[in-house]
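Numbering (full-length UniProt numbering), first residue to last: 1 to 715.
Take a look at the structure:
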């Protein structure tokens with residue numbers, strides 16, 4: 001029976017593969033032709049367009065012609081982009097055409113329809129669909145439902161069907177490797193094969209092995225705030241990336257990648273995930289760390305780095321100052337505003353008094369941020385008028401005539417036409433514009449408004465560099481309430497990874513700044529290693545208090561680590577009470593080994609570095625960067641290990657990495673060595689969270705060496 005099925009599946013694969021190759025040739029040919037047409041169009045453009053100003057009618061006709069050419073160019077560019085996406089999709093499908101098959105019977109139909117699911121859809125020129133995109137409505141049957149009577153949600157509404165069979169398939173190019181018929185959503189055979197593979201230097205997509213609980217998160221389009229608490233290795237990061245890909249597909253007519261903002265824990269993590277979405281045919285969204293986001297608000301702030309935050313004991317995790325800032329701004333009048341003179345070098349361009357007088361003339365009921373925006377426009381207009389008037393003054397003739405040829409050519413490299421007086425005025429205007437460039441920058445950055453003084457008045461605290469991340473958040477919130485910049489309106493979906501590491505003030509700020517956006521918040525309370533973190537029940541309260549509806553989801557299965565390592569993680573998490581579900585795939589037990597002194601311990605680490613399997617990615621994880629640096633210096637063979645002490649280090653070499661735990665968040669390795677899990681080194685609740693986070697990075701092998709006495713956290 002299976003031999004017959006195998007042949008039928010191989011025959012279909014051969015047929016589809018042939019269609020893919022045939023279509024690839026057509027698309028490449030059409031793409032080359034379109035590229036040539038675009039080049040020819042650009043070459044002819046200057047010859048075809050002749051702008052005629054002889055009359056109003058001629059001018060109007062010229063404008064119409066320009067608009068027609070713009071439309072032609074836009075159509076060519078659209079076609080080029082579409083063909084490029086087609087080429088990429090087909091190239092990807094030629095590697096793995098599909099990974100699943102559904103047998104579906106619709107009501108009142110006798111025949112069973114077959115749907116093959118892949119990472120992209122494939123339709124030939126006659127609109128015959130051979131492969132369905134994993135994000136299509138029909139594909140949800142593969143991920144979500146059991147065999148038998150069920151339904152899926154299509155654009156026209158709910159569609160009732162009878163799902164006769166679900167088949168997992170392993171396909172490589174035009175060769176069928178294996179298949180499994182499953183009766184519940186994506187069972188273990190295919191998943192276990194994937195989990196037993198070695199780690200890769202970049203995160204891979206999980207399209208073919210998405211689990212039911214992950215699928216519910218990926219396809220959720222109704223939640224205002226989706227709060228996901230998932231244990232280490234439960235696929236949180238992969239799930240949110242698949243979710244982004246799904247949202248870009250589901251709302252492709254009105255959602256652009258740049259309208260999705262992903263806040264990642266560190267720059268290294270951003271590098272690690274950068275290939276997932278392109279592999280699914282989508283552009284990466286905007287990505288930054290929370291630190292980057294804060295620095296982009298208002299003026300450049302000197303903020304504590306991640307290592308300083310890790311060690312920080314500054315006041316954190318309080319909404320008190322945020323509320324004080326709101327009250328301060330709400331009560332502000334023009335008389336209360338604190339300005340700075342607008343300066344150019346040592347000269348006052350516009351005084352504080354002038355600014356206040358300009359605002360006093362406005363109606364009292366005008367919102368403060370609108371008053372300040374009006375003042376910014378008036379400042380810009382004043383400087384522009386000054387430059388125009390100043391450039392017409394006669395004393396410029398002497399200055400221009402004394403100008404060197406080099407200075408003149410820098411200002412006007414192509415020379416000038418017209419009479420001498422007009423030219424002198426143009427030169428003066430250009431020189432003055434350049435001289436006032438910094439002044440105009442200060443105007444647009446609102447540097448004439450003393451935000452620091454308002455912060456001190458609102459909170460009773462002074463700003464001292466480096467600012468804590470919370471204090472920088474408070475300052476950015478004050479700037480936002482005063483100035484109401486509009487950039488945040490572009491964000492429709494905000495995705496936050498490692499949400500447990502954000503303070504209450506930071507979460508409150510994000511909920512207010514991006515109040516119009518949908519939020520997906522994912523994290524793991526057991527991996528809370530910063531003192532400034534927030535518990536999940538409190539995260540929910542903060543977003544609900546700011547007018548958001550919160551949907552809670554949990555991911556309790558650990559897929560990353562082998563069974564023995566997952567059981568150790570479950571022990572660290574509190575055993576059965578943690579609710580963690582272990583997938584018992586075979587693997588080595590975690591190795592606990594003690595050493596009498598540091599010299600013996602370092603010799604052991606040297607041996608571990610040297611014994612790394614060639615195809616294994618290995619890491620030694622320390623509690624902080626200072627430890628990582630010290631340990632790196634102590635190891636004998638510097639060529640076999642690489643220190644990663646800050647988030648800017650982007651190396652994913654297969655050599656042994658030495659790095660602090662906070663930079664390893666979200667990453668995974670074949671073999672993990674946790675540095676010195678001794679009784680004196682690991683003893684507090686925060687230490688336990690660090691140990692859990694470090695251990696959960698391991699896929700296949702976990703080593704827990706210690707000097708003298710082991711930590712009580714070890715089994």
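Just so it is clear, CB atoms sit at the ideal spot from N, CA and C, and this is done for glycine as well.
Do you know offhand how far residue 258's Cα is from residue 514's?
-> Within the chain shown, the letter at position 258 stands for residue 258. Within the chain shown, the letter at position 514 stands for residue 514. One C-alpha to the other measures close to 14 Å.
Report yes if the CB atom of residue 682 is closer than 9 Å to the CB atom of residue 593, and no otherwise.
-> Residue 682 sits at position 682 when you count from the first residue of the chain shown. Residue 593 sits at position 593 when you count from the first residue of the chain shown. No.
What are the complete alpha helix (DSSP H) segments, minimum 4 residues, inside the region 314 to 359?
-> 320 to 330
If you draw a straight line from the C-alpha of residue 694 to the C-alpha of residue 96, how long is it?
-> As a working mapping, residue 694 is identified with position 694 in the chain shown. As a working mapping, residue 96 is identified with position 96 in the chain shown. Cα-Cα distance, rounded: 34 Å.
Among residues of its own chain, excluding the 5 on either side of residue 99, which ones have a beta-carbon nearer than 6 Å to its beta-carbon?
-> Sequence index remark: in the chain shown, residue 99 carries index 99 (1-based). A distance below 6 Å between beta-carbons, with the five flanking residues on each side excluded, links residue 99 to the following residues of its chain, in chain order: 169 and 208.
Just how far apart, CA to CA, sit residue 450 and residue 151?
-> Taking the first residue of the chain shown as position 1, residue 450 is located at position 450. Taking the first residue of the chain shown as position 1, residue 151 is located at position 151. Cα to Cα, residue 450 sits roughly 60 Å from residue 151.
Just the Cα atoms here: how many angstroms apart are residue 393 and residue 357?
-> In the chain shown, the residue the question calls residue 393 occupies position 393. In the chain shown, the residue the question calls residue 357 occupies position 357. About 29 Å.
Should residue 167 go down as buried or exposed, given a rule of 16 or more other Cβ atoms within 10 Å for buried?
-> Counted from its first residue, the chain shown places residue 167 at position 167. Buried, by the Cβ-count rule.
Are at least three pairs of beta-carbons, each pair with one atom in the region 435 to 451 and one in the region 377 to 392, less than 8 Å apart?
-> yes
Below 9 Å between beta carbons: does that hold for residue 236 and residue 228?
-> For the purposes of this step, residue 236 is taken as residue 236 along the chain shown, with counting starting at 1. For the purposes of this step, residue 228 is taken as residue 228 along the chain shown, with counting starting at 1. Cβ atoms of residue 236 and residue 228: closer than 9 Å.
Residue range of the unbroken alpha helix (DSSP H) whose run includes residue 624 = If you number the chain shown from 1, residue 624 lands on position 624. Run containing residue 624: none; DSSP gives neither H nor E here.
Beta-carbon separation (whole angstroms), residue 548 vs residue 511, contact threshold 8 Å | Stepping through the chain shown from its first residue, residue 548 is reached at position 548. Stepping through the chain shown from its first residue, residue 511 is reached at position 511. Confirmed, Cβ separation roughly 7 Å.
Could you give the DSSP three-state label for residue 710: helix, strand or coil?
-> Here residue 710 refers to the residue found at position 710 of the chain shown. Strand at residue 710.
Give the DSSP-derived three-state secondary structure of residue 217 in the structure shown.
-> Within the chain shown, residue 217 is the residue found at index 217, counting from 1. Residue 217 falls in the helix class under three-state DSSP.
Can you tell me which of 688, 541, 364 and 149 puts its alpha carbon nearest to the alpha carbon of residue 333?
-> Position 333 of the chain shown holds residue 333. Taking only the C-alpha atoms, the option nearest residue 333 is 364.
Please list, in chain order, all residues of the same chain as residue 604 whose beta carbon is under 8 Å from its beta carbon, the five residues on each side excluded.
-> The residue given as residue 604 occupies position 604 in the chain shown. Result list for residue 604: 593, 595 and 705, in chain order.
Within 10 angstroms of its Cβ, does residue 6 collect 16 or more other Cβ (buried), or is it exposed?
-> In the chain shown, residue 6 corresponds to position 6, counting from 1. Residue 6 comes out exposed.
CB of residue 221 within 9 Å of CB of residue 261, strictly = Counting from 1 along the chain shown, the entry for residue 221 is found at position 221. Counting from 1 along the chain shown, the entry for residue 261 is found at position 261. Cβ distance not < 9 Å, so residue 221 and residue 261 don't count as in contact.
Hey, how far is the Cα of residue 141 from the Cα of residue 163?
-> Here residue 141 refers to the residue found at position 141 of the chain shown. Here residue 163 refers to the residue found at position 163 of the chain shown. Taking the straight line joining both Cα atoms gives about 8 Å.
Output yes if chain D places a C-beta closer than 9 Å to the C-beta of residue 527; else output no.
-> Among the chains in the structure shown there is no chain D, since it carries only a single protein chain.
By how many angstroms is the C-alpha of residue 686 removed from the C-alpha of residue 665?
-> In the chain shown, counting from the first residue as 1, residue 665 sits at position 665. In the chain shown, counting from the first residue as 1, residue 686 sits at position 686. Our two residues, residue 665 and residue 686, have alpha carbons roughly 15 Å apart in a direct line.
Residue interval of the beta strand (DSSP E) (run including residue 156) | As a working mapping, residue 156 is identified with position 156 in the chain shown. Looking at the DSSP string, residue 156 is not in any beta strand (DSSP E), and its letter there is neither H nor E.
Proximity to residue 354 [Cα-Cα], best of 521, 341, 473 and 323 | Within the chain shown, numbered from 1, the residue matching residue 354 stands at position 354. For residue 354, the nearest C-alpha among the options comes from 341.
Since residue 676 contacts residue 637 with CB under 8 Å, what's their CB separation in whole angstroms?
-> For the purposes of this step, residue 676 is identified with residue 676 of the chain shown, where counting begins at 1. For the purposes of this step, residue 637 is identified with residue 637 of the chain shown, where counting begins at 1. The beta-carbon separation of residue 676 and residue 637, rounded to 20 Å, does not stay under the 8 Å limit for a contact.
Residue environment, residue 448, which counts as buried when at least 16 other CB atoms sit within 10 Å | In the chain shown, counting from the first residue as 1, residue 448 sits at position 448. Burial is judged here by how many other beta carbons sit within 10 angstroms of a residue's own beta carbon; residue 448 has at least 16 and is buried.
Reduced DSSP secondary structure (H/G/I, E/B, other) of residue 266 = Position 266 of the chain shown, counted from the start, is the residue given in the question as residue 266. It is coil, neither helix nor strand.
How would you call residue 459, buried or exposed, if buried means at least 16 neighbouring beta carbons within 10 angstroms?
-> The residue labelled residue 459 in the question sits at position 459 within the chain shown. When all chains shown are included, residue 459 counts as buried.
Counting only runs that start and end within the region 465 to 507, where is the beta strand (DSSP E) found for 3 or more residues in a row?
-> 493 to 496, all fully within the region 465 to 507.
Buried or exposed: residue 543, going by 16 or more other Cβ atoms within 10 Å of its Cβ?
-> Here residue 543 is taken as the residue at index 543 of the chain shown, counted from 1. So residue 543 ends up on the buried side.
With burial defined as no fewer than 16 other Cβ atoms inside 10 Å of the residue's Cβ, what is the status of residue 518: buried or exposed?
-> Counting from 1 along the chain shown, the entry for residue 518 is found at position 518. By the neighbour-count rule (16 or more Cβ atoms within 10 Å), residue 518 is buried.
Does DSSP classify residue 561 as helix, strand or coil?
-> Translated into the one-based positions of the chain shown, residue 561 becomes position 561. DSSP places residue 561 in coil when its eight states are reduced to three.
Taking the C-alpha atoms as reference points, what is the distance between residue 716 and residue 250?
-> Any property of residue 716 remains undetermined from this structure, which presents the chain solely from 1 to 715.
Looking at C-alpha atoms only, which residue of 280, 22 and 568 is the closest neighbour of residue 578?
-> What you label residue 578 is simply residue 578 of the chain shown in a count that begins at 1. Closest by alpha carbon: 568.
In the DSSP assignment, find the unbroken beta strand (DSSP E) run with residue 803 in it and report its ends.
-> Lying outside 1 to 715, the shown extent of the chain, residue 803 is not represented and no answer is given.
Classify residue 454 as buried or exposed, calling it buried when 16 or more other Cβ atoms lie within 10 Å of its own Cβ.
-> Locating residue 454 in the chain shown gives position 454, counting from the first residue. Buried is the call here.
Is residue 644 closer than 9 Å to residue 657 when the C-beta atoms are compared?
-> Taking the first residue of the chain shown as position 1, residue 657 is located at position 657. Taking the first residue of the chain shown as position 1, residue 644 is located at position 644. It is a contact, given that the beta carbons lie within the stated cut-off.
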